[in-house]
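Structure first, commentary second.
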Amino acid sequence: MLKKFNPKSSLPSFHFLDLHPPLASLEEEVLAGLSQVQKNLSPKWFYDERGSDLFNHITRCEEYYLTRAEISILENNLEEILAMIGENATLIEYGCGDSRKVEILLDHLPLAEGYIPLDISKTHLLELARRISKKYPQLGTTAVCCDFTQPLQLPFLNSYYSKKIAFFPGSSIGNFEPSEAKKLLSQIRQLVGQKGKLLIGFDVIKDPAILNAAYNDQHGWTAQFNLNLLHRINRECQGDFNIQQFKHQAFYHSLLHRIEMHLVSKQDQIAFIGENLINFKNGETIHTENSYKYDLSSFQNLMQSAGWRSLKIWTDPQNLFAIHFLEAA
Numbered sequence: 009m010l011k012k013f014n015p016k017s018s019l020p021s022f023h024f025l026d027l028h029p030p031l032a033s034l035e036e037e038v039l040a041g042l043s044q045v046q047k048n049l050s051p052k053w054f055y056d057e058r059g060s061d062l063f064n065h066i067t068r069c070e071e072y073y074l075t076r077a078e079i080s081i082l083e084n085n086l087e088e089i090l091a092m093i094g095e096n097a098t099l100i101e102y103g104c105g106d107s108r109k110v111e112i113l114l115d116h117l118p119l120a121e122g123y124i125p126l127d128i129s130k131t132h133l134l135e136l137a138r139r140i141s142k143k144y145p146q147l148g149t150t151a152v153c154c155d156f157t158q159p160l161q162l163p164f165l166n167s168y169y170s171k172k173i174a175f176f177p178g179s180s181i182g183n184f185e186p187s188e189a190k191k192l193l194s195q196i197r198q199l200v201g202q203k204g205k206l207l208i209g210f211d212v213i214k215d216p217a218i219l220n221a222a223y224n225d226q227h228g229w230t231a232q233f234n235l236n237l238l239h240r241i242n243r244e245c246q247g248d249f250n251i252q253q254f255k256h257q258a259f260y261h262s263l264l265h266r267i268e269m270h271l272v273s274k275q276d277q278i279a280f281i282g283e284n285l286i287n288f289k290n291g292e293t294i295h296t297e298n299s300y301k302y303d304l305s306s307f308q309n310l311m312q313s314a315g316w317r318s319l320k321i322w323t324d325p326q327n328l329f330a331i332h333f334l335e336a337a
């Protein structure tokens, strides 16, 4: 029988730490990315308030199997996962989504000490953290608005929490080049410390038709999500992109085992960001996201190279997705 949430009454309910990158960081990164031979934008900038809402729509699309498969793995293996997490744990969630996944854990974690969501979208993060704090009023919730791809200094973690479990759901690790993924995983390892653990989701190599459909849903939510980057640049960086003259493109690159997302210019055109002029040729693309897919052995090798030791891997019955539980090596 699973044990329902039983919080410690002495812990504070809610705190907020704002380490959000300044607007200059967005504009500087956008200009740097668009000055490359292959123009590019970082997927971390997808998640403003509108982008976070659009992504929640994507996760409910019939074609987008990832969220359903990951939730099924959590639910079908919950007792074993909870036993491995144990009591008095603090969950540190990287990219907090809509909270469906972490609540599967928090609903049944006995004597959980804390929940620390990390996200770059301040509005979305605050809404989620306040909802979690209200649902679990005695859980110590500290929302940290930050770019978690950069090294984090959170000294309160060691001061107040001894048993730290990083939770990185949703296959977001696939957005990083393998060398960058290794760097981030090493940073997570440093944050949770010698006795820390990591529960992480990743997408599995599969039929390209399934992958291509997942990133080209028939209702167009993924296209809107991708194009929203240009809306954000127009709004926050004094841009003047003609959104109608760009289109969404996503495809599976079989040699690199990744989905690539691009924004394609429909014509020769010029856009400005402030006083900076950006030229586009007809058919030229802005590379906005990669989503790497792994087999089980290659993902284990990646984790080991970043200082983690494998404890358990779970998959769904169709082998669409996997969740890996690890401890600091």
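Heads up, the sequence shown is in the working numbering, so the first residue is 9 and it goes up one at a time.
Every residue, glycine too, gets a C-beta built ideally from N, C-alpha and C.
> Whose CA, out of L25, C245, I66, lies closest to the CA of C154?
Replying inline: L25
>> Between T323, L334, F333, which has its C-alpha nearest T75's C-alpha?
In response: T323
> What first and last residue would you give for the alpha helix (DSSP H) that runs through S129?
Replying inline: Run containing S129: none; DSSP gives neither H nor E here.
>> Given this structure, state the Cα-to-Cα distance separating K142 from T149, to the nearest angstrom.
In response: 10 Å
> In chain order, what residues of the same chain have a beta carbon less than 7 Å from the beta carbon of F184, not counting five sequence neighbours either side?
Replying inline: L192
>> Which of the three DSSP states is assigned to G122 in this structure?
In response: strand
> Which same chain residues, not among the five before or five after G204, have their C-beta less than 6 Å away from its C-beta?
Replying inline: K172, A336
>> Buried or exposed for S167, going by 16 or more other Cβ atoms inside 10 Å?
In response: exposed
> Straight-line CA distance for L19 to L126?
Replying inline: For L19, the predicted structure reports a pLDDT of 46, less than 50, and the residue's modelled location is therefore unreliable. The matter cannot be settled from this model.
> For R266, which three-state DSSP category applies?
Replying inline: strand
> Is it buried or exposed for N287, if we count other Cβ within 10 angstroms and need 16 for buried?
Replying inline: exposed
> Mapping DSSP to helix, strand and coil, what is L328?
Replying inline: coil
> Since A330 contacts V212 with CB under 8 Å, what's their CB separation in whole angstroms?
Replying inline: 6 Å
> Which one of T131, Q232, A77, I181 has the shortest CA to CA distance from I208?
Replying inline: I181
>> Taking the alpha carbon of K289 as the reference point, which residue from G282, K274, I281, T296 has its own alpha carbon closest?
In response: K274
> Which residue from Q308, M92, Y123, H265 puts its Cα closest to that of L219?
Replying inline: H265
> With C-beta atoms as the reference, is F156 less than 7 Å away from Y102?
Replying inline: yes
> What do you reckon, are the CB atoms on M269 and T296 nearer than 7 Å?
Replying inline: yes
>> Using only the alpha-carbon positions, how far apart do L304 and Q277 sit?
In response: 44 Å
> Once you ignore the five residues that flank E95 on each side, which residues in its own chain have a CB closer than 6 Å to its CB?
Replying inline: P118, L119
> Between the beta-carbon of L49 and the beta-carbon of G41, is there less than 7 Å?
Replying inline: yes
> So what does N284 bridge to, in DSSP terms?
Replying inline: I281
> What does DSSP give as the partner residues of Q257 in its beta bridges?
Replying inline: H270
> Should F307 and F233 be called a contact, given that it needs their Cβ atoms to be closer than 7 Å?
Replying inline: no
> R58 to N236, Cα distance in whole Å?
Replying inline: 8 Å
> Roughly how many angstroms lie between the CA atoms of F280 and F249, to the nearest whole one?
Replying inline: 7 Å
>> Give me, in chain order, the residues of the same chain whose beta-carbon lies closer than 7 Å to that of P159; leave out the 5 immediate sequence neighbours on both sides.
In response: Q195
> How would you label I241, buried or exposed, when you count the other beta carbons within 10 angstroms and need 16 or more for buried?
Replying inline: buried
> Do L39 and N284 have their C-beta atoms closer together than 7 Å?
Replying inline: yes
> What are the start and end residues of each continuous alpha helix (DSSP H) run of 4 or more residues lying completely inside the segment 162-230, in chain order?
Replying inline: 164-168, 186-200, 216-222
> Can the beta-carbon of A217 be found less than 7 Å from the beta-carbon of V200?
Replying inline: no
>> Measuring straight from C-alpha to C-alpha, what distance separates N298 and I267?
In response: 6 Å
>> To test your reading of the DSSP string, which unbroken alpha helix (DSSP H) runs of 4 or more residues are found completely within the segment 82-156?
In response: 86-93, 108-114, 130-143
>> With DSSP as the reference, identify every bridge partner of W53, one or two as the case may be.
In response: DSSP, once it has assigned bridges, lists no residue as partnering W53.
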